[in-house]
Amino acid sequence: KNEVEQSPQNLTAQEGEFITINCSYSVGISALHWLQQHPGGGIVSLFMLSSGKKKHGRLIATINIQEKHSSLHITASHPRDSAVYICAVSSLDMRFGAGTRLTVKP
Amino acid sequence: GAVVSQHPSWVICKSGTSVKIECRSLDFQATTMFWYRQFPKQSLMLMATSNEGSKATYEQGVEKDKFLINHASLTLSTLTVTSAHPEDSSFYICSARDFSGGTEAFFGQGTRLTVV
Numbered sequence: 012k013n014e015v016e017q018s019p020q021n022l023t024a025q026e027g028e029f030i031t032i033n034c035s036y037s038v039g040i041s042a043l044h045w046l047q048q049h050p051g052g053g054i055v056s057l058f059m060l061s062s063g064k065k066k067h068g069r070l071i072a073t074i075n076i077q078e079k080h081s082s083l084h085i086t087a088s089h090p091r092d093s094a095v096y097i098c099a100v101s102s103l104d105m106r107f108g109a110g111t112r113l114t115v116k117p
Numbered sequence: 002g003a004v005v006s007q008h009p010s011w012v013i014c015k016s017g018t019s020v021k022i023e024c025r026s027l028d029f030q031a032t033t034m035f036w037y038r039q040f041p042k043q044s045l046m047l048m049a050t051s052n053e054g055s056k057a058t059y060e061q062g063v064e065k066d067k068f069l070i071n072h073a074s075l076t077l078s079t080l081t082v083t084s085a086h087p088e089d090s091s092f093y094i095c096s097a098r099d100f101s102g103g104t105e106a107f108f109g110q111g112t113r114l115t116v117v
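First to last, the protein sequences are chains A and B. In terms of the working numbering, the first sequence opens at residue 12 and continues consecutively. In terms of the working numbering, the second sequence opens at residue 2 and continues consecutively.
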């Protein structure tokens with residue numbers, strides 16, 4: 012079993028839809044990261060969480076430390092949100108989920 | 002925010018040659034940098050942890066003599082793929098952590114290596 016499990020693996024949505032990506036982990040962590048990887052491969056760090064909830068524009072990330080679970084929400088999705096979203100957990104190093112490939116259709 | 006610069010962004014090389022990839026932290030000191038590898042449609046896999054001034058720590062199954070890592074300064078780590086083979090073709094990406102600011106990680110742009 013992977014240390015970081017993400018679901019779904021693939022997600023297709025219509026523009027404007029509310030999107031949720033889930034992440035569960037099985038190891039002790041100091042922080043959880045949500046990353047966005049574009050087709051060219053470049054990675055952008057969206058959020059770093061150790062508790063609670065963070066919001067940035069249309070993106071919201073939550074984490075439940077007791078349940079070892081985090082969610083990334085995208086409100087009013089747009090085609091430019093199409094990317095691979097990766098959940099990663101960090102302690103001394105980082106471990107990554109397999110990623111969720113999101114496609115938002117106009 | 003903090004910036005990590007990785008160079009080159011892509012490289013094509015012949016089998017048997019060596020390729021060097023650089024990872025620089027531009028506005029913070031990174032005592033530790035991480036090197037990852039990503040095959041198509043797969044997740045990032047940690048290859049090694051690079052510590053300034055000391056030997057890198059390699060993950061199980063990663064050949065340290067093939068993937069040479071040097072972390073000579075607080076802002077620069079290099080990964081050299083020696084005697085490259087087509088199966089080394091992959092996407093390589095580095096990250097660095099600004100430990101003075103916590104555990105947030107910053108990623109380089111990645112390097113797509115194609116060995117022909």
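Glycine included, every Cβ here is placed at the ideal spot set by N, Cα and C.
Practice problem: Please name the residue, chosen from A:Ser-37, A:His-84, A:His-49, that lies closest to Phe-58 (chain A) on a Cα-to-Cα basis. | Solution: Numbered from its first residue, the first sequence carries residue 58 (chain A) at position 47. Residue A:His-84 is the option with its Cα nearest to Phe-58 (chain A).
Practice problem: Would you grab the beta carbon distance between Ser-19 (chain B) and Thr-83 (chain B) for me? Rounded to a whole angstrom, and I think it's under 8 Å. | Solution: Working through the second sequence from its first residue, we reach residue 19 (chain B) at position 18. Working through the second sequence from its first residue, we reach residue 83 (chain B) at position 82. The Cβ separation is near 5 Å, so the contact holds.
Self-check item: Rounded separation between Cys-95 (chain B) and Gln-7 (chain B) - CA only
Solution: Here the question's residue 95 (chain B) lines up with position 94 in the second sequence. Here the question's residue 7 (chain B) lines up with position 6 in the second sequence. One alpha carbon belongs to Cys-95 (chain B), the other to Gln-7 (chain B), and they sit about 7 Å apart.
Quiz item: In three-state DSSP terms, what is Arg-69 (chain A)?
Solution: Here residue 69 (chain A) refers to the residue found at position 58 of the first sequence. DSSP places Arg-69 (chain A) in coil when its eight states are reduced to three.
Quiz item: Name the DSSP bridge partner or partners of Gln-17 (chain A)?
Solution: Translated into the one-based positions of the first sequence, residue 17 (chain A) becomes position 6. DSSP, once it has assigned bridges, lists A:Cys-34 as partnering Gln-17 (chain A).
Practice problem: Below 8 Å CB to CB, which residues in the same chain sit around Tyr-37 (chain B) once its five sequence neighbours on both sides are set aside? | Solution: Position 36 of the second sequence holds residue 37 (chain B). These residues qualify, in order along the chain: Leu-45, Met-46, Leu-47, Met-48, Tyr-93, Ile-94, Cys-95, Ser-96.
Quiz item: Going by Cα to Cα distance, which pick from A:Gly-52, A:Pro-117, A:Gln-47, A:Gln-77 is closest to Ala-87 (chain A)?
Solution: Here the question's residue 87 (chain A) lines up with position 76 in the first sequence. Residue A:Pro-117 is the option with its Cα nearest to Ala-87 (chain A).
Quiz item: What does Gln-61 (chain B) reach in chain A if we use C-beta pairs closer than 9 Å?
Solution: For the purposes of this step, residue 61 (chain B) is taken as residue 60 along the second sequence, with counting starting at 1. Those within 9 Å of Gln-61 (chain B) in chain A number zero; the least Cβ separation is about 13 Å.
Practice problem: Mark Thr-114 (chain A) as exposed unless 16 or more other C-beta atoms lie within 10 angstroms of its C-beta, in which case mark it buried. | Solution: For the purposes of this step, residue 114 (chain A) is identified with residue 103 of the first sequence, where counting begins at 1. It is exposed - the Cβ of Thr-114 (chain A) has fewer than 16 other Cβ atoms within 10 Å.
Self-check item: Within the stretch 73–108 of chain A, ranges of the beta strand (DSSP E) (whole runs, at least 3 residues)
Solution: DSSP runs (the beta strand (DSSP E)) wholly in the stretch 73–108 of chain A: 80–85, 94–101, 105–107.
Quiz item: List, in order along the chain, the chain A residues whose C-beta lies closer than 8 Å to that of Ser-44 (chain B)?
Solution: To locate residue 44 (chain B), count along the second sequence from 1; it is residue 43. In chain order: Ile-97, Phe-107, Gly-108, Ala-109, Gly-110.
Self-check item: Reduced DSSP category for Glu-23 (chain B) - H, G, I as helix; E, B as strand; rest coil
Solution: As a position in the second sequence, residue 23 (chain B) is number 22, starting the count at 1. Three-state result, Glu-23 (chain B): strand.
Quiz item: Would you say Gly-110 (chain A) and Gln-110 (chain B) are within 8 Å of each other, going by their C-beta atoms?
Solution: On the first sequence, position 99 is the one that residue 110 (chain A) refers to. On the second sequence, position 109 is the one that residue 110 (chain B) refers to. No; because the gap between Cβ atoms is not below 8 Å, this pair is not in contact.
Self-check item: Closest residue to Gln-25 (chain A) among A:Arg-91, A:Gly-108, A:Cys-98 (Cα-Cα distance)
Solution: Within the first sequence, the letter at position 14 stands for residue 25 (chain A). Of the candidates A:Arg-91, A:Gly-108, A:Cys-98, A:Arg-91 places its Cα closest to the Cα of Gln-25 (chain A).
Quiz prompt | Close Cβ partners of Val-95 (chain A) (< 6 Å) along its chain, the five nearest in sequence each way excluded | solution = Numbered from 1 along the first sequence, position 84 holds the residue referred to as residue 95 (chain A). Answer for Val-95 (chain A): Gln-48, Gly-110, Arg-112, listed in chain order.
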